[in-house]
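Protein chains: 2
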Amino acid sequence: MAITAVGSVALDSIETPFGSIEHVLGGALSHFALAASLYDTVNMVAVVGTDFPERFMQHFRARSIDLRGLQVREGATFRWGARYHLDMNTRDTLYTHLGVFADFHPTVPAEYRGAEVIFLDNILPQLQLDVQRQTDEVAATDGSTRLRALDTMNLWIETTREDLLRVMRGVDIMLIAEEEARQLAETPSLRVAARFILERGPKLLVVKQGSYGAVMFGADGSFFAAPAYPLEDVCDPTGAGDAFAGGFLGYLASRLTRAGRVTETDYRRALIHGNILGSFACEAFGVERLLTLTPEQIAERYEEFVGFTHFEGSWRDAPTG
Amino acid sequence: MAITAVGSVALDSIETPFGSIEHVLGGALSHFALAASLYDTVNMVAVVGTDFPERFMQHFRARSIDLRGLQVREGATFRWGARYHLDMNTRDTLYTHLGVFADFHPTVPAEYRGAEVIFLDNILPQLQLDVQRQTDEVAATDGSTRLRALDTMNLWIETTREDLLRVMRGVDIMLIAEEEARQLAETPSLRVAARFILERGPKLLVVKQGSYGAVMFGADGSFFAAPAYPLEDVCDPTGAGDAFAGGFLGYLASRLTRAGRVTETDYRRALIHGNILGSFACEAFGVERLLTLTPEQIAERYEEFVGFTHFEGSWRDAPTG
Numbered sequence: 032m033a034i035t036a037v038g039s040v041a042l043d044s045i046e047t048p049f050g051s052i053e054h055v056l057g058g059a060l061s062h063f064a065l066a067a068s069l070y071d072t073v074n075m076v077a078v079v080g081t082d083f084p085e086r087f088m089q090h091f092r093a094r095s096i097d098l099r100g101l102q103v104r105e106g107a108t109f110r111w112g113a114r115y116h117l118d119m120n121t122r123d124t125l126y127t128h129l130g131v132f133a134d135f136h137p138t139v140p141a142e143y144r145g146a147e148v149i150f151l152d153n154i155l156p157q158l159q160l161d162v163q164r165q166t167d168e169v170a171a172t173d174g175s176t177r178l179r180a181l182d183t184m185n186l187w188i189e190t191t192r193e194d195l196l197r198v199m200r201g202v203d204i205m206l207i208a209e210e211e212a213r214q215l216a217e218t219p220s221l222r223v224a225a226r227f228i229l230e231r232g233p234k235l236l237v238v239k240q241g242s243y244g245a246v247m248f249g250a251d252g253s254f255f256a257a258p259a260y261p262l263e264d265v266c267d268p269t270g271a272g273d274a275f276a277g278g279f280l281g282y283l284a285s286r287l288t289r290a291g292r293v294t295e296t297d298y299r300r301a302l303i304h305g306n307i308l309g310s311f312a313c314e315a316f317g318v319e320r321l322l323t324l325t326p327e328q329i330a331e332r333y334e335e336f337v338g339f340t341h342f343e344g345s346w347r348d349a350p351t352g
Numbered sequence: 032m033a034i035t036a037v038g039s040v041a042l043d044s045i046e047t048p049f050g051s052i053e054h055v056l057g058g059a060l061s062h063f064a065l066a067a068s069l070y071d072t073v074n075m076v077a078v079v080g081t082d083f084p085e086r087f088m089q090h091f092r093a094r095s096i097d098l099r100g101l102q103v104r105e106g107a108t109f110r111w112g113a114r115y116h117l118d119m120n121t122r123d124t125l126y127t128h129l130g131v132f133a134d135f136h137p138t139v140p141a142e143y144r145g146a147e148v149i150f151l152d153n154i155l156p157q158l159q160l161d162v163q164r165q166t167d168e169v170a171a172t173d174g175s176t177r178l179r180a181l182d183t184m185n186l187w188i189e190t191t192r193e194d195l196l197r198v199m200r201g202v203d204i205m206l207i208a209e210e211e212a213r214q215l216a217e218t219p220s221l222r223v224a225a226r227f228i229l230e231r232g233p234k235l236l237v238v239k240q241g242s243y244g245a246v247m248f249g250a251d252g253s254f255f256a257a258p259a260y261p262l263e264d265v266c267d268p269t270g271a272g273d274a275f276a277g278g279f280l281g282y283l284a285s286r287l288t289r290a291g292r293v294t295e296t297d298y299r300r301a302l303i304h305g306n307i308l309g310s311f312a313c314e315a316f317g318v319e320r321l322l323t324l325t326p327e328q329i330a331e332r333y334e335e336f337v338g339f340t341h342f343e344g345s346w347r348d349a350p351t352g
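For the record, the sequence lines run as chains G and A.
Counting from 32, one number per residue, gives the positions in the first sequence under my numbering.
Counting from 32, one number per residue, gives the positions in the second sequence under my numbering.
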């Protein structure tokens, strides 16, 4: 069973205080798919140019990533360049060359439309709406359990807010970075921002907090929070949020495949998987670490998470004094 | 059975986007003592001027706070004024009038010297050294289990670094805000900063992360992390870090009193108590919320913490597919 995801595949050039790489596999969907495919099949809906290196196609094929929805168009692949500051928390975009992405018209292959999880990764909300329409048709006819999720960014909040709000009305889960949640809701209070978002479509809001972990708000008033994995060094945070989404939705997809439904327990576990995949993504440049990651390494880090977050449920022992 | 703590007692004037207060009870030690005294007796070592209002003395006397070490000197009490920005995360100090605090010579009453917990709250490291000398004499002769803890701030890291490093050599626990840990160790990596600090005296480092909670590193390689309590609104964050220290050390002191020792389980619970007291402190101006706080409300929030942080220890159910 599968996740159908639309988003960007790009060639990234990244400079950090510790090194740099040029024209490597990038784009939110690449990070997402390489993470999520450790859990379930990922159907890609995206576009690349004829300059897209065959070896990057091989990275996808080596995993359970279906490429029938990946269009190859005459022209240049989307290219993005950025430079990180010394603290690795802020970066400057050096250039954005859209290439064939400028005229991208996503077409969801018929085989993809019935996937259990639909992920509208961070791209122009109009394109997200387009994919939403194509996949909603199928859901209406077969009626099986499915999760529709959305990610976005500051650019769309600033430039195409109304379209973004329209996409939100048709999703179950929204994933968003903390500053962007505040920006979208125009409030400094994260709880107020969560209520704003949960009143506009999503039943679950997942807030990504970078090196502080993630929190999750349910429309039913539920709340869950988990710290991040304490990395010794961050090599390159590019794509960590996308890998987070991959771990989160990948885990949920695998549960839907196994059990036909997801529970509150699964959502909590999924958030831990998001934190885990996000942490691995930071350990090497670009998608490098995701390429070598194994389910055993994920399981090991999950055990570590349990170890460094759990505490006694009773706030003190029986009085002895 | 008690905590002996040295620090500042002040009269604060605070402006936030939502209101302002003038000349209210403030100073790191006031917040600390009102929080910690919900768990155990607090012996105060501090100085105020003859202008210090009697009603503030009553706040201390209403709790198990011993005032024999609180000097009252001819002159003005330390006064501090600050204005918070709209996001409540940053503030400008408007004035600092040291008053009688400028000539403060802490004298630890003989009855205070054998306390189980010694807390060198955030003041000039030279004064911390002075108190350390006075209390260490007793420890040397009686040899009972005791915890010596330290807090500090950016000002002392910048201006009296060598004295601060000297104080660190003689403590068991260091509490510090995240930015200050990085500043002290001159590194962007929190793990590297933790190692730097743990090589210089403290056996346990507690890093306060404000609205993101707290993490704890042990010299034995142990690690624990917990998110913050998700407050709807922050009324006034002044003293939240001091209330955190009060919850953390107060809980440990109560365990030492009951059980004669503290375990890893206790340290983890203590960190949750720190987060709880820090969250309550933000709910009203100055020390207001700490004055009305009850053990039952602490216990209730502890249960909430368990509820929104725990997750399944196994990363998936037995395969069914």
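All C-beta atoms, glycine included, are put in the ideal place defined by N, C-alpha and C.
Would residue i and residue j be called neighbours here (beta carbons separated by less than 8 angstroms)?
i, j, result
"L149 of chain G", "G38 of chain G", "Correcting the residue type first, residue 149 of chain G is Ile in the shown sequence and not Leu. The answer is no: Cβ separation not under 8 angstroms."
"F339 of chain A", "F254 of chain G", "yes"
"P261 of chain G", "R226 of chain A", "no"
"G277 of chain A", "A93 of chain A", "no"
"A208 of chain G", "G270 of chain G", "no"
"D152 of chain G", "A36 of chain G", "yes"
"S61 of chain G", "H54 of chain G", "no"
"A33 of chain A", "V73 of chain A", "yes"
"P156 of chain A", "L195 of chain A", "yes"
"P137 of chain G", "D167 of chain G", "no"
"R114 of chain A", "E46 of chain A", "yes"
"Y298 of chain A", "M247 of chain A", "yes"
"F83 of chain G", "V103 of chain G", "yes"
"L229 of chain G", "I204 of chain G", "no"
"H341 of chain G", "H341 of chain A", "yes"
"R110 of chain A", "H128 of chain A", "yes"
"Q165 of chain G", "V198 of chain G", "no"
Who pairs with residue i in a beta bridge, going by DSSP?
i, result
"S51 of chain G", "G:E46"
"G305 of chain G", "G305 of chain G pairs with nothing; no bridge assigned."
"M205 of chain A", "A:L181 and A:L236"
"Y115 of chain G", "G:R122"
"L101 of chain G", "G:A77"
"R110 of chain G", "G:L42 and G:H128"
"G249 of chain A", "A:L235"
"L151 of chain G", "G:V37 and G:L181"
"G57 of chain G", "G:A41"
"A256 of chain A", "A:V246"
Which residues in chain G sit within 7 angstroms of residue i, going by Cβ to Cβ distance?
i, result
"M119 of chain A", "P219"
"I303 of chain A", "F342"
What does residue i reach in chain D if we use C-beta pairs closer than 8 angstroms?
i, result
"E314 of chain A", "Looking for chain D here will not work: the only protein chains present are G and A."
Could you name the residues of chain G that residue i contacts, counting a contact when the two beta carbons are closer than 8 angstroms?
i, result
"E142 of chain A", "The contacting residues do not exist; E142 of chain A stays about 21 angstroms from chain G at best."
"E263 of chain A", "S220, R222 and V223"
"V246 of chain A", "P258 and P261"
For residue i, which residues in chain A fall below 7 angstroms Cβ to Cβ?
i, result
"V337 of chain G", "G344"
"F254 of chain G", "P261 and F339"
"A274 of chain G", "Going along chain A, no residue has its Cβ under 7 angstroms from A274 of chain G, so there is no contact; the nearest lies around 17 angstroms."
Would you mind telling me which residues of chain G sit closer than 9 angstroms to residue i, beta carbon to beta carbon, in chain order?
i, result
"V238 of chain A", "Going along chain G, no residue has its Cβ under 9 angstroms from V238 of chain A, so there is no contact; the nearest lies around 10 angstroms."
In chain A, which residues lie with their C-beta within 9 angstroms of the C-beta of residue i?
i, result
"T176 of chain G", "Neighbours of T176 of chain G on chain A: none; closest Cβ ~15 angstroms, over 9 angstroms."
"I204 of chain G", "Those within 9 angstroms of I204 of chain G in chain A number zero; the least Cβ separation is about 17 angstroms."
Assuming residue i and residue j are in contact, meaning their beta carbons sit under 8 angstroms apart, how far apart are those beta carbons, in whole angstroms?
i, j, result
"A274 of chain A", "L321 of chain A", "6 angstroms"
"A146 of chain A", "L280 of chain A", "Not really, about 11 angstroms apart at Cβ, beyond 8 angstroms."
"A257 of chain A", "G244 of chain A", "5 angstroms"
"D267 of chain G", "G344 of chain G", "Their Cβ separation, rounded to whole angstroms, is 38 angstroms, which puts D267 of chain G and G344 of chain G out of contact at 8 angstroms."
"V238 of chain A", "A259 of chain A", "That belief does not hold up - the Cβ atoms of V238 of chain A and A259 of chain A are roughly 13 angstroms apart, past 8 angstroms."
"V293 of chain A", "M119 of chain A", "So it is not a contact: roughly 34 angstroms between Cβ atoms."
"G130 of chain G", "G100 of chain G", "Contact flag wrong, Cβ pair sits at about 18 angstroms."
"L42 of chain G", "T124 of chain G", "Not a contact, Cβ separation roughly 14 angstroms."
Residues of chain A with CB under 8 angstroms from residue i, in chain order?
i, result
"A330 of chain G", "W346"
Going along the stretch 102–128 of chain A in order, which residues come within less than 7 angstroms of chain G, judged by CB to CB distance? L117, D118 and M119
Could you please tell me which residues of the stretch 276–300 of chain A, in chain order, have their CB closer than 9 angstroms to any CB of chain G? Y282, S285, R286, T288, R289, A290, T296, D297, R299 and R300
Along the stretch 65–96 of chain A, what residues have a CB closer than 7 angstroms to any CB found in chain G? none
Cβ-based contacts, 7 angstroms cut-off: residues of the stretch 142–174 of chain G near chain A: none
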